[in-house]
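Note sheet for the following structure.
Protein chains: 2
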Amino acid sequence: MEVKNKQQGIKVVGDVLDIVGGKWRGQILAHLCDNPKRFNELKTVLNRITSSTLTKELRYLEDIKMVERKVIQETPMVVEYRLTKHGMSIKDLIKTIVEWGLKHREIVFKKN
Amino acid sequence: MEVKNKQQGIKVVGDVLDIVGGKWRGQILAHLCDNPKRFNELKTVLNRITSSTLTKELRYLEDIKMVERKVIQETPMVVEYRLTKHGMSIKDLIKTIVEWGLKHREIVFKKN
DNA sequence: AATACAAGTAGTTTTTAAGATACTTACTAT
DNA sequence: ATAGTAAGTATCTTAAAAACTACTTGTATT
Numbered sequence: 001m002e003v004k005n006k007q008q009g010i011k012v013v014g015d016v017l018d019i020v021g022g023k024w025r026g027q028i029l030a031h032l033c034d035n036p037k038r039f040n041e042l043k044t045v046l047n048r049i050t051s052s053t054l055t056k057e058l059r060y061l062e063d064i065k066m067v068e069r070k071v072i073q074e075t076p077m078v079v080e081y082r083l084t085k086h087g088m089s090i091k092d093l094i095k096t097i098v099e100w101g102l103k104h105r106e107i108v109f110k111k112n
Numbered sequence: 113m114e115v116k117n118k119q120q121g122i123k124v125v126g127d128v129l130d131i132v133g134g135k136w137r138g139q140i141l142a143h144l145c146d147n148p149k150r151f152n153e154l155k156t157v158l159n160r161i162t163s164s165t166l167t168k169e170l171r172y173l174e175d176i177k178m179v180e181r182k183v184i185q186e187t188p189m190v191v192e193y194r195l196t197k198h199g200m201s202i203k204d205l206i207k208t209i210v211e212w213g214l215k216h217r218e219i220v221f222k223k224n
């Protein structure tokens, strides 16, 4: 790691994991990497997430400007979530995570 | 993301985050990227972690074969933790996380 | 008038992660 | 004999994340 201040570099890991960690955030971001998705689309692909949890996570991601919410139709109300311009910067990180995970399955899945 | 099965690729995000996520695991792995460290060294650099939490996290990382524990001296007992050969594979991922975090501080730190 | 749908909200409960505090073991040094 | 050190363990409590269940709003359909 060729970072000037190593201690600070390592602390930042915790901050990034606040954004991408937890049970759902990483997955939500991963799904939005491909293309925008509606609330219920997300709810379907994220098997077993509840409405309230999904709402909470999306609000958080909006607050930190990773995701934006756009009402695309008033009636029936249709809402679309997409990565912000800034949020797009997470794509490579997500990709790295997915690649590592697929390559190291036998261990990743150990817990099961 | 040029992964064959996208759904599966995304699910793996959750599994990887089990390994690297939480309040401490990412930081522990990051510290071990540089070189092996003793229990109390880790305890010192990980400001405010308790013994019991550190032990728990290290045992988990051992269980999944990311980290190995080596008694290097019986008395006074000295124990060293290091990444396994397999664990080394996480270095690039940690590096990517750190880099993203440093670059996007203004947002990462928003919560404070 | 009743039903359905999208996108939620509200309130409560359960589960999990992490923290606090105190103790332990095997030894060495004073 | 007492204190100190490294690396823990054992319990218990607290706090935070996620789940569960039910309800809401506005509109359109049968």
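Going down the list, the protein sequences come from chains A and B.
The numbering of the first sequence is the numbering used here, which starts it at 1 and goes up by one.
The numbering of the second sequence is the numbering used here, which starts it at 113 and goes up by one.
Ideal Cβ positions, reconstructed from N, Cα and C, are used throughout, including at glycine.
is_contact[residue i, chain B] using C-beta, thresh 8 Å
i               : result
K111 of chain A : At K111 of chain A, the pLDDT of 48 sits below 50, so the modelled position is not reliable and the matter cannot be decided from this model.
L54 of chain A  : no
Q27 of chain A  : yes
V67 of chain A  : no
T44 of chain A  : no
V78 of chain A  : no
L32 of chain A  : no
Strand pairing of residue i, partner residues [DSSP]
i               : result
R38 of chain A  : A:E80
R181 of chain B : B:Y193
8 Å Cβ cutoff, residue i in contact with chain A
i               : result
K182 of chain B : no
I161 of chain B : no
V115 of chain B : Summary for V115 of chain B: the model assigns pLDDT 48, below 50, so the residue's position carries little reliability; its value from the coordinates is reported in the next sentence. True, the Cβ-Cβ gap to chain A drops below 8 Å.
T187 of chain B : no
L173 of chain B : no
L170 of chain B : no
Same chain only: Cβ atoms within 6 Å of residue i, ignoring 5 sequence neighbours per side
i               : result
H86 of chain A  : K65
V108 of chain A : G101
K182 of chain B : E192
Any non-hydrogen atom of the ligand FAD within 7 Å of residue i CB
i              : result
K43 of chain A : The ligand FAD is not part of this structure, which contains no ligands at all.
Neighbourhood of residue i by C-beta, 8 Å cutoff - its chain only, sequence neighbours within 5 removed
i               : result
I206 of chain B : V132, G138, L141, A142 and C145
L158 of chain B : W136, Q139, I140, H143 and L166
Sequence-distant residues of its chain with Cβ nearer than 7 Å to residue i (five each side left out)
i              : result
R38 of chain A : V78, V79 and E80
Quiz item: Just by C-beta distance, which residues in the stretch 11-27 of chain A are closer than 9 Å to chain B?
Solution: K11, V12, V13, G14, D15, V16, L17, D18, I19, V20, G21, G22, K23, W24, R25, G26 and Q27
Quiz item: When you check each C-beta in the stretch 78-100 of chain A against every C-beta of chain B, which residues fall closer than 9 Å?
Solution: H86, S89, I90, K91, D92, L93, I94, K95, T96, I97, V98, E99 and W100
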